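Taking it in order: structure first as structure tokens, then the write-up.
Written as structure tokens, this is what we have:
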């Protein structure tokens, strides 16, 4: 099946299979063996956004669309935000 005839759900299923394979190999998420570095990068970026008042002050409500494994949602929740994460993947 090529990209033009692929059903939208099958792309999500394929991504889910790839993600589950990474997790089974012991990786923390999409970043593979660089997951921890990416997490630190996101923490730094979000802290900079907060310090420069580019995010509303906690406990603001935040909706993260396409949250994946919820890494960014969790970082924000740990900073006192009320976060809802939504993703197409079932896992």
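Residue numbers (the working numbering): 5 to 95. Idealized CB from N, CA, C, for every residue including glycine. Quantities reported herein were computed from a predicted structural model and do not represent experimental measurements.
Going along the chain, which residues of its own chain have a beta-carbon closer than 7 Å to the beta-carbon of residue i, five neighbours each way excluded?
i          : result
residue 16 : 92 and 93
residue 80 : 50, 66 and 87
residue 55 : none
Can you tell me whether residue i is helix, strand or coil according to DSSP?
i          : result
residue 59 : coil
residue 30 : coil
residue 5  : Per-residue confidence for residue 5 stands at a pLDDT of 43, beneath the threshold of 50, marking its modelled position as unreliable; no derived number is given.
residue 83 : coil
Tell me which same chain residues have a C-beta within less than 6 Å of the C-beta of residue i, skipping the five on either side of it?
i          : result
residue 73 : 33
residue 53 : 59
residue 77 : 68, 71, 87 and 89
Do residue i and residue j have their C-beta atoms closer together than 8 Å?
i          : j          : result
residue 89 : residue 68 : yes
residue 35 : residue 42 : yes
To the nearest angstrom, report how far apart residue i and residue j are at their CA atoms.
i          : j          : result
residue 25 : residue 37 : 13 Å
residue 46 : residue 40 : 10 Å
residue 63 : residue 57 : 14 Å
residue 30 : residue 23 : 11 Å
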